[in-house]
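See below for the structure under consideration.
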Amino acid sequence: MQENIENKVSKESTEITENTENTENKQYFGTELLKWYERSKRDLPWRRHRDPYYIWVSEIMLQQTRVDTVIPYFQRFIERFPTLKDLAEAPEEDVLKCWEGLGYYSRARNLQAAARQVVERHGGTVPSVKAEVAALKGVGPYTTGAILSIAFNQPEPAVDGNVMRVLSRYFLIREDIMKTGTRTRMEELAASLIPRGRAADFNQALMELGALICTPKSPSCLVCPVMARCAARLEGAEDALPVKSKAKPPRPEYRLVALVEGDGEHAGRVLVRRRPASGLLARMWELPHIPAAADAGEGAGLPDGPAMDRLAAALAAAGFPAQPAGFVMNAEHTFSHIHWNLRVYRFSAAADSAFPAAYTPSPASYGGATDMAFVAEAGAAMEEGVLPLSMVSASPDSSRGELEEYRWISKADMEGLAFPNVFLRILSGVFN
DNA sequence: TATACGTGGTA
DNA sequence: TTACCAAGTAT
Numbered sequence: 001m002q003e004n005i006e007n008k009v010s011k012e013s014t015e016i017t018e019n020t021e022n023t024e025n026k027q028y029f030g031t032e033l034l035k036w037y038e039r040s041k042r043d044l045p046w047r048r049h050r051d052p053y054y055i056w057v058s059e060i061m062l063q064q065t066r067v068d069t070v071i072p073y074f075q076r077f078i079e080r081f082p083t084l085k086d087l088a089e090a091p092e093e094d095v096l097k098c099w100e101g102l103g104y105y106s107r108a109r110n111l112q113a114a115a116r117q118v119v120e121r122h123g124g125t126v127p128s129v130k131a132e133v134a135a136l137k138g139v140g141p142y143t144t145g146a147i148l149s150i151a152f153n154q155p156e157p158a159v160d161g162n163v164m165r166v167l168s169r170y171f172l173i174r175e176d177i178m179k180t181g182t183r184t185r186m187e188e189l190a191a192s193l194i195p196r197g198r199a200a201d202f203n204q205a206l207m208e209l210g211a212l213i214c215t216p217k218s219p220s221c222l223v224c225p226v227m228a229r230c231a232a233r234l235e236g237a238e239d240a241l242p243v244k245s246k247a248k249p250p251r252p253e254y255r256l257v258a259l260v261e262g263d264g265e266h267a268g269r270v271l272v273r274r275r276p277a278s279g280l281l282a283r284m285w286e287l288p289h290i291p292a293a294a295d296a297g298e299g300a301g302l303p304d305g306p307a308m309d310r311l312a313a314a315l316a317a318a319g320f321p322a323q324p325a326g327f328v329m330n331a332e333h334t335f336s337h338i339h340w341n342l343r344v345y346r347f348s349a350a351a352d353s354a355f356p357a358a359y360t361p362s363p364a365s366y367g368g369a370t371d372m373a374f375v376a377e378a379g380a381a382m383e384e385g386v387l388p389l390s391m392v393s394a395s396p397d398s399s400r401g402e403l404e405e406y407r408w409i410s411k412a413d414m415e416g417l418a419f420p421n422v423f424l425r426i427l428s429g430v431f432n
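First residue of the first sequence: 1, per UniProt numbering; consecutive thereafter.
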């Protein structure tokens, strides 16, 4: 018996072939899965119609995002942009605002760019030809298959994380699902499983099973419609599948954030700026901030006084001289690949203040930060995060027609600008 | 092939 | 609280 187990592991590829070529098992899988889906499928907003535009929007929103999170965003989005034409004609700012808080904001910008592609190249009708769908911005292999199958019932596979998990278990596939080659083979397998004429239901059923029954942890095998022939279940290996290589942990970053309150004509307003057109949080709005540490991993804490001085210098260099007014709060935010440690300071705009800002920290302000890892180096403040005064005003030569990078805003002005969640949290305490 | 790209839920 | 995870795509 022991020899038998070892033999199976060592001849993995043979085993995969045996499982995935068992026609009877494959037919059983499709039949039982469809029957289960008919009685178990959730009533989701995007399942109430076959409009390819709505299917498309939902599929983009669902990328790396839970159904429960997407639902309210989807409702708001189609209310605001009922047709593909509405989306194509909208200001990008409006689209980003609708996406605010959902994350992966390039999805929103790509979706609108693709909508404009469809208007120009396909007269506003979502294409149903594979190559044309796949050519849309932000539409990769999964979404191509999802649109073609769900909206047009074409027999194309739509292999996402759910599908790879389900198939790896049912067919006992031990390949690392993080590898591209694995997904390609999963697509071939998934395609061979689609019951004739049932692509839309089958693909959604596969994902639904992964979401409701064949979950990553503690799968509900006892109520699974295909438990009887699930190879992983028969071997007691469901908890060990799918095989997935570990992701790298996010690297820490330490930043000093300025909460600058305006005076005079800007009284009651706060200084914000728009991020660059590419990279992290592209074209989103934020509070001005600068790196706090050249090397985040070592060093004693930077006292608040010097930290505020460096922020003041950076603000002045950007054309916004301001007086430090003390520590506000710490904030943390984890992205997929970066962990931000933010230390927020309040400033008062001072049109005629000296440069750098004359500020003498109190003894108390030094004490509070000694355990922080905010290791500032003299030059770090200017390396990024601020723009020279010459770039503050509109730059007509910009290929993208950039607006001002900095803006004084009131609470009401926030309604029109998209902020990442981390800054929404900080700002929520300001305008109240 | 590896990395960049957000956020919130769950164990 | 750390760690993993959720209907991926672009480069």
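Just so you know, even glycine gets a beta-carbon here, dropped at the ideal spot from N, CA and C.
Where the alpha helix (DSSP H) through residue i begins and ends
i: Leu111; result: Ser106 to His122
i: Phe423; result: Asn421 to Ser428
i: Trp56; result: Pro52 to Met61
i: Arg185; result: Thr180 to Leu193
i: Arg80; result: Val67 to Arg80
Residues of its chain near residue i, where Cβ-Cβ distance is below 7 Å and the 5 sequence neighbours each way are ignored
i: Ala115; result: Leu84, Leu87 and Ala88
i: Asp176; result: Thr182, Val243, Lys244 and Ser245
i: residue 434; result: Not covered by the structure: residue 434. The range shown for the chain is 1 to 432.
i: Pro420; result: Leu281, Met284 and Glu286
i: Ala231; result: Asn19, Tyr170, Phe171 and Leu172
Where residue i falls, given that 16 or more other Cβ within 10 Å makes a residue buried
i: Val166; result: buried
i: Arg233; result: buried
i: Leu424; result: exposed
i: Lys26; result: buried
i: His49; result: exposed
i: Gln323; result: buried
i: Val139; result: buried
i: Ala349; result: buried
i: Asn7; result: Confidence in Asn7 is poor, its pLDDT being 38 and thus under 50, which makes the residue's placement too unreliable to answer from.
i: Asp309; result: buried
i: Val118; result: buried
i: Gln64; result: exposed
i: Gly123; result: exposed
Cβ-based neighbour list, residue i, same chain, cut-off 8 Å, excluding 5 preceding and 5 following
i: Cys98; result: Tyr73, Arg76, Phe77, Arg80, Phe81 and Ala108
i: Leu96; result: Tyr105, Ala108, Arg109, Arg283, Met284 and Ala418
Whether residue i touches residue j by CB criterion (8 Å)
i: Leu256; j: Ala292; result: yes
i: Lys41; j: Glu208; result: yes
i: Leu102; j: Met61; result: yes
i: Leu241; j: Asn19; result: no
i: Thr144; j: Ala134; result: yes
i: Val163; j: Leu222; result: no
i: Leu315; j: Phe347; result: yes
i: Arg251; j: Ile338; result: yes
Host beta strand (DSSP E) of residue i (start-end)
i: residue 434; result: Past the edges of the chain, shown from 1 to 432, lies residue 434, and the structure says nothing about it.
i: Met329; result: Ala322 to Thr334
i: Arg274; result: Val270 to Arg274
i: Trp408; result: Tyr406 to Ile409
i: Arg291; result: Arg is not the amino acid found at residue 291; the sequence shown has Pro there. His289 to Pro291 is the span of the beta strand (DSSP E), which, as asked, contains Pro291.
Cβ-based neighbour list, residue i, same chain, cut-off 6 Å, excluding 5 preceding and 5 following
i: Pro219; result: Glu238
i: Tyr28; result: Arg229
i: Lys137; result: Asn110, Ala113 and Ala114
i: His333; result: Trp340 and Val422
i: Glu156; result: Gly145, Leu148 and Ser149
i: Asn330; result: Arg343
(message) Runs of 3 residues minimum, wholly inside the segment 195-279: which ones carry the beta strand (DSSP E) assignment?
(response) For the beta strand (DSSP E) assignment, the uninterrupted runs of no fewer than 3 residues enclosed by the segment 195-279 are, from N- to C-terminal side, 251-261 and 270-274.
(message) List, from N- to C-terminal side, the alpha helix (DSSP H) runs of 4 residues or more that fit wholly inside the segment 117-160.
(response) For the segment 117-160, the continuous alpha helix (DSSP H) assignments of 4+ residues that do not extend past its boundaries occur at 130-134 and 141-146, in sequence order.
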